[in-house]
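A.B. asks: Residues 4 to 487, numbered by my numbering, are exactly what the sequence shown covers, in order.
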Amino acid sequence: MPPRPGAPRCERSPSSLSTFPTSCRPDERKQPMNPKKRALLKQLAEKKAAVDAIIAKGETATDEEYAQAQTLATECKGIQSQIQGIDTMDAALKDVGDFLTAPANGIQQPVVKRTRTGVQAGEDIVEIMLNGARRTVDHTNLGITEKAWDRMREDDYGTAFRMYLRKGDNLGRTHRDVLEEVKAYSEGIDEDGGYFVPPTMLNEIVKRDARTPSLLNDVRTVPTNSDSLKMPKIVYGANDGDVYSNPMRKKRTGETDPPAGENQAKLGTITIPVFEGTVEVPITRTLLEDSGFDIQNWVEEMFRESFALDTENELLFGDGITQPRGMLMDTGTANGIPEFNLGNPVTADNLIKFNYSLPVQYRGGAKFYCEDQSVFATWATIKDGSGAYIFGVQSTTDGGLARPRGETFLGKPIGFSPFMPQSGGGNKVALYGDLRRAYYYALRLGITMRMQDLPRDPFVYSVFRYRDGGQLVMPRAARVGVQS
């Protein structure tokens with residue numbers, strides 16, 4: 004039914020509610036249904052039936068009924084988000100924590116892997132899988148108590164949080180009591196530190212867009228609830244060459260031990276400090292007063308974009324004092340990523356050599372990063388001796404610019420970062436390697452938010468507080484290309 008003149012517009016038309024998320028289809032469930040999800044599905048079905056009944060009236064529906072249908076449609080969207088949040092929360096967190104245990108003392112336990120061959124030696128993180136088992140991230144890795152976590156998953160906490168977004172310090176007593184209850188269950192939140200964002204909102208904030216290559220997608224993200232993340236590392240002697248990354252070796256029966264000091268690993272630790280930061284999302288008072296505007300989704304999107312971009316910049320150039328230590332800060336040193344001279348201008352021969360400068364055990368999972376408008380736009384025009392472009396030609400047939408051109412580097416995907424240096428003499432114009440093995444990014448997922456309303460300020464601010472840190476842990480798993 005077309006919208007009536009003067010009626011508020013709905014973000015999603017009521018008729019679109021007939022398409023349910025796959026996770027909501029009963030015939031596809033193989034595990035016992037979560038009781039909360041069952042209740043939400045019942046609510047969703049009832050509200051959708053009410054919307055369908057109004058739509059079926061066609062032009063005979065009154066303005067009041069149409070407005071009711073729009074309200075129900077908005078409520079259905081919120082219920083769908085809660086259902087999807089229940090289904091996807093564990094999956095979203097599993098990728099960043101499936102190799103961790105949940106220690107009681109707040110220091111991450113070492114992880115044990117099988118002996119591997121064909122990998123490189125030197126100082127490195129030893130990943131040990133405890134008893135061969137893996138555990139997903141739970142409330143302890145979020146810095147949230149179990150009691151608080153269970154309470155946050157209830158509907159009234161999400162409702163109270165949404166009301167806090169709109170009303171701030173003017174929040175009613177009932178809703179404030181719900182938020183304060185969870186805050187009382189938790190530790191480490193200052194009086195003015197705000198409230199934990201609910202699980203559904205947290206899921207939206209920390210999720211990554213797989214379609215967009217970025218450094219934050221490819222480094223190893225490790226959840227933490229402490230002020231620093233301590234991991235074991237191995238320091239080798241000089242005779243291990245460029246092969247092994249851990250101390251485990253095969254030993255045959257009857258073999259004698261090597262001489263003292265030869266090929267013997269010494270156990271040490273590497274510490275990744277975790278720092279506190281904030282992101283302020285300005286909101287106009289008009290938006291807060293517009294009950295038809297989905298303020299929570301808008302704030303989620305604004306925070307996620309700002310957080311991801313600033314973090315990517317820090318992963319490259321962070322000072323390591325108040326933020327993660329950037330991968331390009333110590334290149335060419337004993338503790339940094341090795342450098343490779345690409346020449347000036349950059350040549351196809353040097354790019355090929357650049358690829359093979361990375362040890363073979365890291366090339367399988369490697370990606371190539373550079374800036375696009377200055378660096379890759381120039382490299383994409385490099386031609387071989389026959390006049391053919393060396394980058395991205397998908398076909399040898401005619402077609403010119405009508406032919407698709409893939410952005411790959413010797414078969415490896417290319418990620419463009421606006422924070423990578425532009426083309427120029429002495430600039431570090433390319434980063435290439437397996438960043439999941441090279442760099443660890445520690446993030447406390449227990450993110451809090453408080454509303455800040457200052458006198459005579461046209462904006463109200465959602466102030467998010469988070470803790471994160473990062474450090475290079477396996478420098479030789481990557482290479483940096485320098486334009487000489």
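The beta carbon of each residue, even a glycine, is placed where N, CA and C say it ideally should be.
Taking just the CA atoms, how far does I86 sit from K51?
C.D. replies: Here the question's residue 51 lines up with position 48 in the sequence shown. Here the question's residue 86 lines up with position 83 in the sequence shown. The straight-line gap from Cα to Cα measures roughly 15 Å.
A.B. asks: Which one or two residues does DSSP pair with C79 in a beta bridge?
C.D. replies: For the purposes of this step, residue 79 is identified with residue 76 of the sequence shown, where counting begins at 1. In DSSP, C79 forms no bridge with anything.
A.B. asks: Assign N353 to one of two classes, buried (16 or more other C-beta atoms within 10 Å of its C-beta) or exposed (fewer than that).
C.D. replies: Taking the first residue of the sequence shown as 1, we reach residue 353 at position 350. By the 10 Å Cβ count, N353 comes out buried.
A.B. asks: Taking contact to mean 3 or more Cβ pairs, one atom from each stretch, closer than 8 Å, check whether the region 432 to 443 and the region 473 to 481 are in contact.
C.D. replies: As far as the Cβ criterion goes, the region 432 to 443 touches the region 473 to 481, which means the pair count is three or higher.
A.B. asks: Just how far apart, CA to CA, sit G171 and R453?
C.D. replies: Residue mapping note: residue 171 aligns to position 168 of the sequence shown, counting from 1. Residue mapping note: residue 453 aligns to position 450 of the sequence shown, counting from 1. Roughly 8 Å separates the two Cα atoms.
A.B. asks: Please state the DSSP three-state secondary structure of E283.
C.D. replies: For the purposes of this step, residue 283 is taken as the residue at position 280 of the sequence shown. Strand at E283.
A.B. asks: K415 and A369 - do their beta-carbons sit closer together than 9 Å?
C.D. replies: Mapped onto the sequence shown, residue 369 falls at position 366. Mapped onto the sequence shown, residue 415 falls at position 412. Taking 9 Å as the Cβ cut-off, A369 and K415 qualify as a contacting pair.
A.B. asks: Ignore the nearest five residues each way along the sequence and tell me which others in R28's own chain have a CB closer than 7 Å to its CB.
C.D. replies: One-based indexing of the sequence shown puts residue 28 at position 25. A caution first: R28 carries a pLDDT of 42, below 50, which makes its placement in the model too unreliable to give a value.
A.B. asks: Would you call the region 449 to 468 in contact with the region 420 to 427, where contact means no fewer than 3 C-beta pairs closer than 8 Å?
C.D. replies: No: the two stretches stay apart, fewer than three of their Cβ pairs being nearer than 8 Å.
A.B. asks: How would you call Y392, buried or exposed, if buried means at least 16 neighbouring beta carbons within 10 angstroms?
C.D. replies: The sequence position of residue 392 within the sequence shown is 389, counting from 1. By the neighbour-count rule (16 or more Cβ atoms within 10 Å), Y392 is not buried but exposed.
A.B. asks: Taking 9 Å as the cut-off, decide whether the C-beta atoms of F164 and V200 are in contact.
C.D. replies: Locating residue 164 in the sequence shown gives position 161, counting from the first residue. Locating residue 200 in the sequence shown gives position 197, counting from the first residue. Yes; because the gap between Cβ atoms is below 9 Å, this pair is in contact.
A.B. asks: Per the DSSP calculation, E342 is bridged to which residue(s)?
C.D. replies: Along the sequence shown, one-based indexing puts residue 342 at 339. According to DSSP, E342 bridges with V483.
A.B. asks: What does the alpha-carbon distance come out to for the pair G472 and D313?
C.D. replies: Taking the first residue of the sequence shown as position 1, residue 472 is located at position 469. Taking the first residue of the sequence shown as position 1, residue 313 is located at position 310. Straight-line Cα distance between these residues: approximately 13 Å.
A.B. asks: Can you tell me whether DSSP reads Q425 as helix, strand or coil?
C.D. replies: Here residue 425 corresponds to residue number 422 of the sequence shown, with the count starting at 1. Three-state DSSP puts Q425 in coil, outside helix and strand.
A.B. asks: Let me make sure I understand the geometry here. Which of N220, V363 and L345 has the alpha-carbon closest to that of G429?
C.D. replies: Numbered from its first residue, the sequence shown carries residue 429 at position 426. Residue L345 is the option with its Cα nearest to G429.
A.B. asks: With C-beta atoms as the reference, is E342 less than 9 Å away from K431?
C.D. replies: As a working note, residue 342 is residue 339 in the sequence shown. As a working note, residue 431 is residue 428 in the sequence shown. Closer than 9 Å, so yes.
A.B. asks: When the Cα of T227 is compared with those of E184, F278, R255 and A187, which residue comes out closest?
C.D. replies: As a working note, residue 227 is residue 224 in the sequence shown. Taking only the C-alpha atoms, the option nearest T227 is F278.
A.B. asks: Buried or exposed for S294, going by 16 or more other Cβ atoms inside 10 Å?
C.D. replies: By one-based count along the sequence shown, residue 294 stands at place 291. Classification of S294: exposed, given that the 10 Å Cβ count is below 16.
A.B. asks: Just the Cα atoms here: how many angstroms apart are R440 and F371?
C.D. replies: Reading the sequence shown from its first residue, position 437 is the one you call residue 440. Reading the sequence shown from its first residue, position 368 is the one you call residue 371. For R440 and F371, the distance between alpha carbons rounds to 14 Å.
A.B. asks: Write down the C-beta distance between Q488 and N347 rounded to the nearest angstrom, noting that I regard them as a contact closer than 8 Å.
C.D. replies: The question about residue 488 has no answer here: the residues shown for the chain are numbered 4 through 487.
A.B. asks: Give the DSSP-derived three-state secondary structure of P478 in the structure shown.
C.D. replies: Walking along the sequence shown from the start, residue 478 turns up at place 475. In this structure, P478 counts as helix in the three-state DSSP scheme.
A.B. asks: Using the three-state DSSP reduction, which class does A445 fall into: helix, strand or coil?
C.D. replies: For the purposes of this step, residue 445 is identified with residue 442 of the sequence shown, where counting begins at 1. Looking at A445 - three-state DSSP - the assignment turns out to be strand.
A.B. asks: Verify whether the separation of the beta carbon atoms of E184 and R154 is less than 9 Å.
C.D. replies: As a position in the sequence shown, residue 184 is number 181, starting the count at 1. As a position in the sequence shown, residue 154 is number 151, starting the count at 1. The answer is yes: Cβ separation under 9 Å.
A.B. asks: Less than 9 Å between the C-beta atoms of G323 and Y469, yes or no?
C.D. replies: For this step, residue 323 is matched to residue 320 along the sequence shown. For this step, residue 469 is matched to residue 466 along the sequence shown. It is not a contact, given that the beta carbons lie outside the stated cut-off.
A.B. asks: Going by C-alpha to C-alpha distance, which of T148, M330 and G161 sits closest to Y442?
C.D. replies: One-based indexing of the sequence shown puts residue 442 at position 439. Looking at the Cα atoms, M330 is the closest of the given residues.
A.B. asks: From what residue to what residue does the beta strand (DSSP E) around I57 run?
C.D. replies: As a working note, residue 57 is residue 54 in the sequence shown. Element bounds for I57: not the beta strand (DSSP E) but the alpha helix (DSSP H), P38 to A59.
A.B. asks: In this structure, does DSSP put E184 in helix, strand or coil?
C.D. replies: On the sequence shown, residue 184 is found 181 positions in, with the first residue counted as 1. Helix, per DSSP.
A.B. asks: Is S377 closer than 9 Å to A311 when the C-beta atoms are compared?
C.D. replies: Against the sequence shown, residue 311 aligns to sequence position 308. Against the sequence shown, residue 377 aligns to sequence position 374. No. Outside cutoff.
A.B. asks: Is the beta carbon of M332 sitting closer than 9 Å to the one on G321?
C.D. replies: Along the sequence shown, read from residue 1 onward, the residue named residue 332 stands at position 329. Along the sequence shown, read from residue 1 onward, the residue named residue 321 stands at position 318. Yes, they are a contact pair.
A.B. asks: At what residues does the alpha helix (DSSP H) containing I417 begin and finish?
C.D. replies: Along the sequence shown, read from residue 1 onward, the residue named residue 417 stands at position 414. Premise fails: I417 lies in the beta strand (DSSP E), K415 to F419, not in any alpha helix (DSSP H).
A.B. asks: Which value, in whole angstroms, describes the spacing of the CA atoms of F467 and A59?
C.D. replies: Position 464 of the sequence shown, counted from the first residue, corresponds to residue 467. Position 56 of the sequence shown, counted from the first residue, corresponds to residue 59. Computed Cα separation, rounded: 44 Å.
A.B. asks: Measuring CA to CA, which of I89, T334, G88 and E49 is closest to A72?
C.D. replies: Position 69 of the sequence shown holds residue 72. The option with the nearest alpha carbon to A72 is E49.
A.B. asks: Tell me the DSSP secondary structure of P348 in three-state form.
C.D. replies: For the purposes of this step, residue 348 is taken as residue 345 along the sequence shown, with counting starting at 1. The answer is coil: DSSP assigns P348 none of H, G, I, E or B.
A.B. asks: Considering only DSSP beta bridges, list what I273 is partnered with.
C.D. replies: Here residue 273 corresponds to residue number 270 of the sequence shown, with the count starting at 1. I273 is bridged to M234.
A.B. asks: Let me know if I355 comes out buried or exposed under the rule of 16 or more other beta-carbons within 10 Å of its beta-carbon.
C.D. replies: Reading the sequence shown from its first residue, position 352 is the one you call residue 355. When all chains shown are included, I355 counts as exposed.
A.B. asks: I believe K40 touches I89 by the beta-carbon criterion, under 8 Å. Please report the beta-carbon distance rounded to the nearest angstrom.
C.D. replies: By one-based count along the sequence shown, residue 40 stands at place 37. By one-based count along the sequence shown, residue 89 stands at place 86. Contact flag correct, Cβ pair sits at about 5 Å.
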